[in-house]
Structures are given as C-alpha cells and as structure tokens.
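Peer 1: What follows is a structure written as structure tokens; I'll ask about it next.
Number of protein chains: 2
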Amino acid sequence: MSLNNSLILGLPAFAELSGEDADAILASARSSRFPKNAEVFAQDEEAHHFFLLLSGHIRVVRTMPEGEQVIARYINEGELFGIAVAMGRTNYPASAVAAVDCVVLTWQNKAWHDLQSRVPGFGANVYQTIGTRLQDTQSRVMEMSTRQVEQRIAGAVMRLVQQSGRKTEEGVEIDFPISRQDIAEMTGTTLHTVSRLMSAWEEDGIVRSGRQKVSVTDPHTLMLIAENRRTK
Amino acid sequence: MSLNNSLILGLPAFAELSGEDADAILASARSSRFPKNAEVFAQDEEAHHFFLLLSGHIRVVRTMPEGEQVIARYINEGELFGIAVAMGRTNYPASAVAAVDCVVLTWQNKAWHDLQSRVPGFGANVYQTIGTRLQDTQSRVMEMSTRQVEQRIAGAVMRLVQQSGRKTEEGVEIDFPISRQDIAEMTGTTLHTVSRLMSAWEEDGIVRSGRQKVSVTDPHTLMLIAENRRTK
DNA sequence: CCTCTTGTTTGCGCTTACGCAAATCTCCCC
DNA sequence: GGGGAGATTTGCGTAAGCGCAAACAAGAGG
C-alpha cells in the first residue's frame, strides 16, 4: 500500500510542495513503527538514513565514554531528525529512542539531493531548523552557565509544556512519559534534586506529577521561578 | 586598490575556486581593520552582512538580559563568522569582538547566493561548519552536565591551545590575550575559581601564566586532568 | 617616572546541590 | 491478584565552588 501524500503536505519542511511531487517523495521513503523504547538509530553508527517523525515523540540522547547520558533534545511530530547528511557527517552523533510508540518515515541518504531539488524551500527550511537547534543549544549553555538548578529545571519543564503540552483537567500535561531522571539529564543535575524540587513545587500547588508524568497547574509561577523572579 | 586573490585561495571554504572567480568574489567584499576590542557586530542587531576573518582572533559573546556574559566561541583565521544568513536568521544572536587587531572581509547578505553558486562546494562546506559548531556546542553541554569545574577548565584550555597555540620556549602559549574572566565565561564558573585552579596548576608545573596570558608546559598532565584521570 | 586603571591572587564563610542509602510507591505482566 | 522491576521520595552528611572583600601586580598613558 502506498503512503498518502497528506501525511507530509501540511509540514513546514514540505510547505510549498505539489501533490505529485509529494507522491514521488513518499515513494522513496519507507514508513515504520517503533514501539516505545525502541532505538531508531544508535550513536556513532554510520548514518545511511534520515528520518521524519510522523507521530510520537523521540528522545535524542548522547552518551559519554564513562556512561553518563545527556538528553540533547526531544523530537516532536512533523520534525526531521537524524539529518547527519545535511551537516556532512558520516555518523550519528547521538542515539534516537522512541519515548512512546512512534511512526517514522525513513529515507536513504541518496534521496537527500532529490528532496533538495524537488521541494521548493526545502534546503532553506532545513538549514533554518539546524540554525534554530544551534541557537537552542547555545541558550542551554548560557542557562547552565548562569542559572542555578531550580531555575534550569523550571525552564526545561516550561519548554516541554509549551512544545508538547496537552490540556487536562488539572493543568497542562507533558504528553509523553518523562521521568525525574530524564529531566535531570536535560538540566545537568541528579534525579534526587529534581525529585526534591518537584515535591516542593507540588506542595506549592505549581505542578502535579506522578510516575513519568508531569502537569503544570500554575505556569505563571513556574515561569517566574525560571526567571528567578519568584515572589515566594 | 583591489584585493589579492591569494587571500582566500588557500582557505577550506574556497578550496576548489579558480583565480578569476576568486577575484570576482573579492570584488564584492570589503576589507576592514578592527582594532583590539572593537565590535564587528552587536547582538540582536539586524544581520545585513557576513564575514571572513583574515587575520586575528574574534571573540563571540552572548549577553543575558541580566548582564551575565558567556563566550560562545573564538573565531580563528580563515573562518567565516556572522553567517546568520546561512541559518535563515535576521538578527545576530551574539556579539563579535576583536580579541586582537583583526583584518576582516565583509560581504552583504545578497552576495551569499552568488558565493553559493560560484564556489564549488561552498554550501556543503558551510553547512559542515555549522554542523561542527552544533556538535561542539552539544559537547559543551555534555561537559557542563557531567564534568566538574577543574575538568572543564582544563578541557577549555586544552582546546584553546590546540586551536590557537604558539610554541614558545616555555611551552605552548595561547596566542591572543585571554583573561581569567574570559576562561570563566567559557566554562560557566567564576574568575576566582579559575584563578585558584590556575595557581595550583602553576605550582605543579603544568602551566605558566600571567596577565591575560596562558602557556601550557605539560599538556599531557593537563589532558589527564580534563579526563579526570590525574594520578596526583 | 608616576599614576591610574585593569587584571590577578587569596582568605574566609557559607550555600547549593551532590552522593549514598533506605524506604516507599506504581504499574506491568503473568 | 500477586510478584517484581523500575520510579520516586526523603534523610543525612559533605564537599565543591561561589560570593564578598581586600590586597597586590602589571601595563598604559600622560
């Protein structure tokens, strides 16, 4: 069965694409499912493919030689990832793991050139994406350099909520499972510290959280904490 | 007086360029001198130009709303910088300041397309550069997440020495002025801590340093410190 | 040569957040 | 419904590194 071009026609990377071109591009792709915790690609592996996340959430993780892990970013629906080919790299610099069950489109690297020429604005869009990621990463360096732990965690949670929030009866919930350990690996701290702070926030009625679950009930105050302007 | 094409013919970004094309490209550029501490462009300013450093060293600095500064990177001779245009940005995300007297080529953004089409491999080279910067920044995040201050400072100094080292009678010296404060802003710590550690290293005969000057006399041991494998 | 600015060193107290450990809780799977 | 694995909470001790402050050194410029 062939893929329906409506899968990609709404996405920013394919904004100005015609229906026939979309069909051709989809014909060169392969669609696959990855169950929760499955690895889409592994760090240091040779990069033969690039990917588009159709549904789900993907965690991009870098592991240091000594075994410590850092979460580089989460990929949301509609985003390209594993695009080592766009940066002239031959290996993936990180691993990609499905945070929930995911559906992924996969292309061979050799299709990259075809997409660039066939999709108007594709190159510009991709390089803008990379530029944004570079800036986000720089901002993270700044945050780690100048803010203390509570502010960093508050900032990370706020970003997660803004990018992947789902409204519920008790506030805005991050719509994929995320552990204290995950948040610690995003903010450069330990799960103990994250747990302590989240407990304190829960006392203050700012968040509600449970096992691999975080909802923000008072985003305003959390934002103040992130900016170090809490009135207490 | 027109610029000599030998200025750029040896550089990686212009690797496969013919003499005539080089002349044409230089004709669209303007060459300027920036004395030490002069600002090439300012953070948040509209990005109308991009630049190539012909000689000197440039410090790229981001400033937070509260005034804290972080050094994003140093630009070395032959590197492009201020290439917001390549990432689809309209403003510079950081300021660029001459660390020593510098000579800089400046192009208008509209020359970007011309360079891309005229210079074989230019696009690929630039995007590889950006990819490398993204990875370097990610590595910095990892380092800040997992290493403690002494290891981070050792790593930063080692990188500076490798990229911009000049052999002297007392070891390898960073060949531009760099203060304790600068190193602190590269590693997310304070000048006090940097000073203390460098004094200790000097005791141990690993570095020699003075006012805005750092030489490494024992790179091997410094590397061990960076990797947290010092024998003591 | 003197002065002034700017960078560096160092002491001391103290807070933040880590590290270890143990208890508790939840959900998943049989 | 009953394990059991994995996630979370919490207490306690401690160390790394910051913040403040003061003294000191080294160039720059007149």
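Protein sequences appear in the order of chains Y and E. Per our numbering, the first sequence starts with residue 1, numbered consecutively. Per our numbering, the second sequence starts with residue 1001, numbered consecutively. Cβ coordinates follow ideal geometry from the N, Cα and C atoms, glycine included.
Could you check which residue in GLN1212(E), ASP1218(E), ASN1005(E) and GLU1143(E) has the C-alpha nearest to that of GLU1170(E)?
Peer 2: As a working note, residue 1170(E) is residue 170 in the second sequence. Taking only the C-alpha atoms, the option nearest GLU1170(E) is ASP1218(E).
Peer 1: Does the stretch 5-23 of chain Y come close enough to the stretch 63-76 of chain Y that 3 or more CB-CB pairs lie under 8 Å?
Peer 2: The answer is no - the stretch 5-23 of chain Y does not touch the stretch 63-76 of chain Y, with fewer than three Cβ pairs under 8 Å.
Peer 1: Measuring CB to CB, does ARG59(Y) end up less than 9 Å from VAL70(Y)?
Peer 2: In the first sequence, counting from the first residue as 1, residue 59(Y) sits at position 59. In the first sequence, counting from the first residue as 1, residue 70(Y) sits at position 70. Result no, Cβ atoms of ARG59(Y) and VAL70(Y) do not sit closer than 9 Å.
Peer 1: So, at 6 Å on beta carbons, what are the nonlocal neighbours of ASP1175(E) in its own chain, with the 5 sequence-adjacent residues on each side left out?
Peer 2: Your numbering for residue 1175(E) matches position 175 in the second sequence. Within the same chain, ASP1175(E) has close Cβ partners SER1164 and ARG1166.
Peer 1: For GLY1155(E), which of helix, strand or coil comes out of DSSP?
Peer 2: Reading the second sequence from its first residue, position 155 is the one you call residue 1155(E). The answer is helix: DSSP assigns GLY1155(E) an H, G or I state.
Peer 1: If you measure from the beta carbon of THR1146(E) to each beta carbon in chain Y, is any gap under 9 Å?
Peer 2: Reading the second sequence from its first residue, position 146 is the one you call residue 1146(E). Yes, because at least one Cβ of chain Y sits closer than 9 Å to the Cβ of THR1146(E).
Peer 1: Please report the residue range of the alpha helix (DSSP H) in which GLN135(Y) lies.
Peer 2: Taking the first sequence and counting its residues from 1, one reaches residue 135(Y) at position 135. Counting along the chain, the alpha helix (DSSP H) containing GLN135(Y) begins and ends at 122-146.
Peer 1: With a threshold of 6 Å on Cβ separation, who are the neighbours of MET1(Y) within its own chain once the five nearest residues in sequence on each side are excluded?
Peer 2: Numbered from 1 along the first sequence, position 1 holds the residue referred to as residue 1(Y). Any reading at MET1(Y) needs caution, since the residue's pLDDT is 48, under 50, leaving its predicted position unreliable; the model's value is listed next. Cβ neighbours of MET1(Y) beyond the five flanking positions: none.
Peer 1: Please classify GLY57(Y): is it buried, with 16 or more other beta-carbons within 10 angstroms of its beta-carbon, or exposed?
Peer 2: The count along the first sequence starts at 1 and reaches residue 57(Y) at position 57. According to the sequence shown, residue 57(Y) is His rather than Gly. Buried, since its Cβ has 16 or more Cβ neighbours within 10 Å.
Peer 1: Does DSSP classify THR221(Y) as helix, strand or coil?
Peer 2: Residue numbering aside, residue 221(Y) sits at position 221 when the first sequence is read from its first letter. The answer is helix: DSSP assigns THR221(Y) an H, G or I state.
Peer 1: Considering THR1193(E), what are the terminal residues of the alpha helix (DSSP H) in which it resides?
Peer 2: As a position in the second sequence, residue 1193(E) is number 193, starting the count at 1. Element bounds for THR1193(E): 1191-1203.
Peer 1: Using a Cβ-Cβ cut-off of 9 Å, state whether ALA1012(E) counts as contacting chain Y.
Peer 2: Position 12 of the second sequence, counted from the first residue, corresponds to residue 1012(E). The sequence shown places Pro at residue 1012(E), not Ala. So, not an interface residue.
Peer 1: Start and end of the beta strand (DSSP E) containing ALA1072(E)?
Peer 2: To locate residue 1072(E), count along the second sequence from 1; it is residue 72. Segment 1069-1075, the beta strand (DSSP E) holding ALA1072(E).
Peer 1: Going by DSSP, what residue range makes up the beta strand (DSSP E) through HIS1049(E)?
Peer 2: If you number the second sequence from 1, residue 1049(E) lands on position 49. Run containing HIS1049(E): 1049-1055, per the beta strand (DSSP E) assignment.
Peer 1: Going along chain E in order, which residues have a C-beta closer than 8 Å to the C-beta of PRO93(Y)?
Peer 2: Within the first sequence, residue 93(Y) is the residue found at index 93, counting from 1. By Cβ distance, chain E contributes GLN1135 and GLN1138.
Peer 1: Which chain Y residues are close to VAL1157(E), counting only those with a beta carbon under 8 Å from its beta carbon?
Peer 2: Along the second sequence, one-based indexing puts residue 1157(E) at 157. The contacting residues do not exist; VAL1157(E) stays about 17 Å from chain Y at best.
Peer 1: Please work out which residues of its chain come closer than 6 Å, Cβ to Cβ, to MET1144(E), disregarding the five sequence neighbours upstream and downstream, and give them in chain order.
Peer 2: Translated into the one-based positions of the second sequence, residue 1144(E) becomes position 144. Result list for MET1144(E): GLY1188, in chain order.
Peer 1: Excluding the five sequence neighbours on either side, which residues of its own chain have a C-beta within less than 8 Å of the C-beta of PHE14(Y), listed in chain order?
Peer 2: Working through the first sequence from its first residue, we reach residue 14(Y) at position 14. So the qualifying residues of the chain are ILE8, ALA22, ILE25, VAL119 and PHE122.
Peer 1: Are the stretch 85-92 of chain Y and the stretch 1124-1142 of chain E touching by the rule of at least three beta carbon pairs closer than 8 Å?
Peer 2: Flag = yes, the stretch 85-92 of chain Y and the stretch 1124-1142 of chain E touch.
Peer 1: Within 9 Å (strictly less), CB to CB, does LEU224(Y) reach chain E?
Peer 2: Locating residue 224(Y) in the first sequence gives position 224, counting from the first residue. Not an interface residue.
Peer 1: Quick check on DSSP: helix, strand or coil for GLN1043(E)?
Peer 2: Numbered from its first residue, the second sequence carries residue 1043(E) at position 43. Note: GLN1043(E) maps to coil in three-state DSSP.
Peer 1: CA-CA distance, GLU1203(E) and VAL1216(E)?
Peer 2: In the second sequence, residue 1203(E) corresponds to position 203, counting from 1. In the second sequence, residue 1216(E) corresponds to position 216, counting from 1. Rounded to whole angstroms, GLU1203(E) to VAL1216(E) spans 13 Å at the Cα level.
Peer 1: Return the first residue and the last residue of the alpha helix (DSSP H) that SER1117(E) is part of.
Peer 2: Indexing the second sequence from 1 puts residue 1117(E) at position 117. 1111-1118 is the extent of the alpha helix (DSSP H) around SER1117(E).
Peer 1: Mapping DSSP to helix, strand and coil, what is THR1187(E)?
Peer 2: By one-based count along the second sequence, residue 1187(E) stands at place 187. Residue state, collapsed to three classes: helix.
Peer 1: For chain E, find out if any of its Cβ atoms is closer than 9 Å to the Cβ of ARG196(Y); answer yes or no.
Peer 2: The residue given as residue 196(Y) occupies position 196 in the first sequence. So no, ARG196(Y) is outside the interface.
Peer 1: Taking 9 Å as the threshold (beta carbon to beta carbon), is ILE183(Y) in contact with chain E?
Peer 2: Counting from 1 along the first sequence, the entry for residue 183(Y) is found at position 183. With 9 Å as the cut-off, ILE183(Y) does not count as an interface residue toward chain E.
Peer 1: At least one CB of chain E closer than 9 Å to the CB of ARG230(Y): is that the case?
Peer 2: For the purposes of this step, residue 230(Y) is identified with residue 230 of the first sequence, where counting begins at 1. It does not; no Cβ of chain E falls within 9 Å.
Peer 1: If we ignore side chains and look at the alpha-carbon of each, how far apart do ALA1111(E) and GLU1045(E) end up?
Peer 2: Within the second sequence, the letter at position 111 stands for residue 1111(E). Within the second sequence, the letter at position 45 stands for residue 1045(E). The alpha-carbon atoms of ALA1111(E) and GLU1045(E) are separated by roughly 19 Å.
Peer 1: Starting from the beta carbon of GLY188(Y), find every residue of chain E whose beta carbon is closer than 8 Å, and list them in chain order.
Peer 2: For the purposes of this step, residue 188(Y) is taken as residue 188 along the first sequence, with counting starting at 1. Within 8 Å Cβ-Cβ: VAL1141, MET1144, SER1145 and THR1146.
Peer 1: Along chain Y, which residues have their Cβ under 8 Å away from the Cβ of ALA1154(E)?
Peer 2: If you number the second sequence from 1, residue 1154(E) lands on position 154. In chain order: nothing, as chain Y lies at least about 16 Å away.
Peer 1: Between GLY78(Y) and chain E, is there a C-beta pair that is closer than 9 Å?
Peer 2: In the first sequence, residue 78(Y) corresponds to position 78, counting from 1. Answer no: the Cβ-Cβ gap between GLY78(Y) and chain E never drops below 9 Å.
Peer 1: List the residues of chain E whose Cβ lies closer than 7 Å to the Cβ of ARG118(Y), in chain order.
Peer 2: By 1-based counting over the first sequence, the position of residue 118(Y) is 118. None at all; the shortest Cβ gap to chain E is about 17 Å.
Peer 1: Give me, in chain order, the residues of the same chain whose beta-carbon lies closer than 6 Å to that of ALA1072(E); leave out the 5 immediate sequence neighbours on both sides.
Peer 2: What you label residue 1072(E) is simply residue 72 of the second sequence in a count that begins at 1. Once the five neighbours on either side are set aside, the close Cβ partners of ALA1072(E) are VAL1060, ARG1062 and ALA1094.
Peer 1: Let's see if you can read the secondary structure: which residues bound the alpha helix (DSSP H) around SER248(Y)?
Peer 2: Absent from the model: residue 248(Y). The displayed extent of chain Y is 1 to 232, so no value can be given.
Peer 1: Taking Cβ positions only, does ARG1062(E) come closer than 9 Å to chain Y?
Peer 2: Stepping through the second sequence from its first residue, residue 1062(E) is reached at position 62. Answer yes: the Cβ-Cβ gap between ARG1062(E) and chain Y drops below 9 Å somewhere.
Peer 1: Determine the direct distance from the alpha carbon of ARG1230(E) to that of ARG1208(E), and round the result to whole angstroms.
Peer 2: Walking along the second sequence from the start, residue 1208(E) turns up at place 208. Walking along the second sequence from the start, residue 1230(E) turns up at place 230. Going from the Cα of ARG1208(E) to the Cα of ARG1230(E) covers about 19 Å.
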